[in-house]
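Just so we're aligned: 137 in the numbering used here is position 146 of the sequence shown, and the numbers increase by one with no gaps anywhere.
Ideal placement from N, C-alpha and C gives every residue a C-beta, glycine not left out.
As the structure is a prediction and not an experimental result, all values here were calculated from the model.
Heads up, the thing below is written out as structure tokens.
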Amino acid sequence: MRHPLSRVARLRLEVLEGREVPAGNVTASLVGGRLTITGDDQDNVIQSLLVTGTAVTVTPDGSTSVNGQTAGTAVTLPGAATSLTANLLGGNDSLAIDPNSDFVLTGAATFNLGSENNTLNLTTSGRITLGGLVVTSGPGSSTVTVSPGVGLGTVTGRALFSFGPGGLNNQVNLSNTSFPGPAGVRVTAGSGGSNLVTANNVTVARTFSLNTGRSLGFNQTFTNDTLGGLAMTGHDTSLVLSSSTINGNLSEIGVFSDTANLTNVTVTGNVTIRGAVGQGASLTTAGTFTARNVSVSSVNGNTRFQAGGTSATINGNLSVICREAPTLQFSTSALSEVKGNVAVGGSTFQTSVTVNGNFKADRNVTVTAAPNSKSTSISIGDTTPAAAIGGNLTVAAGNGPLGLTLTNLTVGGATRVTTGAGADTLTIDATTFQGAFTANTGRGDDTFAIAQRTGMPAPVTFNGRVLINAGLDNDTLRLGLSTGGANSRVVFSVPTSRLNGMAGFNTYFKSTSQVTGPADFLNWTNA
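Written out as structure tokens, the structure reads:
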């Protein structure tokens, strides 16, 4: 039986209907002076927004249409715009003003950038004058720039930059703009987001409030600014402030750590740098620095106040407090002055104070370590010029070893040194103690090296009563140096002064000493 041949199917190519990726569409309207711009979920790009007194021109790029026109075609709306509301919705959107023209609205400009990664560029060589500026966004990262010509920017009302969650690096760049309104400037971050701010030649009548979010140590940079206050919060905050004036308070409070670097800065109010856990808190000054009260503190980590450059003037109190490692350092080339009290302390690990001769504390200086601290190191003064403490000098060093060095210093009040079981060393040269001097050094092999350097500008002079209790163990006492000249000498002024080596094998190098004035020596073996 024969089978018919199977038909062979012929393949043919069917041409499909032509399809194009739709362009993003933006609608723009101007009604009653209110300019409204609304995007869609595509990537909308407005290359130029031109606002004149008689019309508004919206110019998109080739991927975006306006009011249904051909993509890339500019649309002009007749009339005078007095306010602006822009809602860009989803997509990676971009909106810029005309770079060569004024951008003036008597009312507020409000921008909702939507989600994803967006750019708002208010940059022009002309003026920017707005009755208010509010910028918000959804999830994603946004970059906002406000940069008119030099001295040509003013936002008279509210200024708010509020970003949504998850933005890895939202950026706000401000320059050449004043914000005279009562609300100041505010920058906020959503959950998990981070903000990066730069401000150059910016004036804010009230406080600039900045939440950096989880910025992970990115520098917030302020240059040539005049602010009514600066308040920073965030996870890991870092501030670089230069050639600026804060007419109010400066605060930086972080969840993890805080770092502030100030150069040629004047703060008329208080400076507060506070970290919680982790890396601690740090305030470093250069050039000239002036403030009222300064407080640097943290729970853990290294906490530091370091004054370098030309000078630092603190019109109130200075405190550096930390549970681990507080550090205070003055190394300025001209006189630095703290007109209130100086307090350093709280450490269970290591405390460090280093101050050169260009230093004056008008009132008390107190350095206190926890009883279980590992070590305390204090050095105040230098061979020239002379440093001064107007009030009391108090040192409580705990059980770790103390290294105390005083050089060419005048202490106007009482001096009290208390230590625990560590091996302590007190080195004193060319220093005058106007009040009583008391040292209780506890257990440990302690060393008192007083007036041992040659070529010093003055002897060591105790104008008040001296009471030294060297504690248990084997201690060493050196007072003056007979071969060292007139200023390698110790001067006692009060007959009831007493130096007690207490129990142990204690050595007083009397044969090489140079001492003037009365004092009792107990429990020392002369050498």
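query, result
"Range covered by the beta strand (DSSP E) that runs through G98", "94 to 103"
"S370 and S338 closer than 8 Å at C-beta", "no"
"Other residues of its chain near P69: CB distance less than 8 Å, five sequence neighbours each side excluded", "L21, T45, A46"
"Residues bridged to F213 [DSSP beta-bridge criterion]", "A190, L232"
"T503 (DSSP reduced to helix, strand or coil)", "helix"
"Cutoff 6 Å; reference A267; Cβ partners in own chain excluding five residues on either side", "V246, V290"
"Reduced DSSP category for S85 - H, G, I as helix; E, B as strand; rest coil", "strand"
"Presumed contact (8 Å Cβ cut-off) between T498 and T516, rounded CB distance", "6 Å"
"CB of T101 within 8 Å of CB of V125, strictly", "yes"
"Where the beta strand (DSSP E) through V141 begins and ends", "From DSSP, V141 is part of no beta strand (DSSP E); its letter is neither H nor E."
"Three-way DSSP call (helix, strand, coil) for R314 in this model", "coil"
"Alpha-carbon spacing of T396 relative to T214, whole angstroms", "39 Å"
"Extent of the continuous beta strand (DSSP E) run through F453", "451 to 453"
"Beta strand (DSSP E) segment containing R480, residue limits", "Here R480 belongs to no beta strand (DSSP E), and DSSP marks it neither H nor E."
"Close beta carbons around T406, own chain, < 6 Å, minus the five adjacent residues each side", "L384, F424, F428"
"Beta-carbon proximity of N161 to S133, cut-off 8 Å", "yes"
"Test item: CB-CB of T367 and V358 under 8 Å", "yes"
"Pairwise C-alpha distance: L472 and G508", "15 Å"
"As assigned by DSSP and simplified to three states, the class of M447", "coil"
"Host beta strand (DSSP E) of E107 (start-end)", "Here E107 belongs to no beta strand (DSSP E), and DSSP marks it neither H nor E."
"N- and C-terminal bounds of the beta strand (DSSP E) containing D511", "511 to 513"
"Continuous beta strand (DSSP E) stretch holding Q341: start and end", "341 to 346"
"Element boundaries [beta strand (DSSP E), containing Q297]", "293 to 298"
"Helix, strand or coil at M223 according to DSSP, with G and I counted as helix", "strand"
"Cβ-heavy atom distance, V146 to the ligand FMN, below 7 Å", "You won't find the ligand FMN in this model; it holds no ligand whatsoever."
"A518, DSSP secondary structure in three states", "coil"
"T76 to R197 span [Cα, whole Å]", "25 Å"
"Assigned exposure category for N558 - 16 Cβ within 10 Å defines buried", "No statement about residue 558 is possible, as the shown extent of the chain runs from -8 to 518 and does not include it."
"Outcome for P362 when other beta-carbon atoms lying within 10 angstroms are tallied against a minimum of 16", "exposed"
"Three-state class that DSSP yields for T73 in the structure shown", "coil"
"Helix, strand or coil at T498 [DSSP, three-state]", "strand"
"With 16 other Cβ atoms within 10 Å as the buried cut-off, status of S(-3)", "With a pLDDT of 44 at S(-3), under the threshold of 50, the predicted position of this residue should be treated as unreliable, though the coordinate-derived value follows. Burial call: exposed."
"Per-residue DSSP class, three states only, for V12", "Below a pLDDT of 50, predicted positions are generally treated as unreliable, and V12, at 47, falls in that range; the measurement from the model is reported next regardless. The answer is coil: DSSP assigns V12 none of H, G, I, E or B."
"Counterpart residues of N202 in DSSP-defined beta bridges", "T224"
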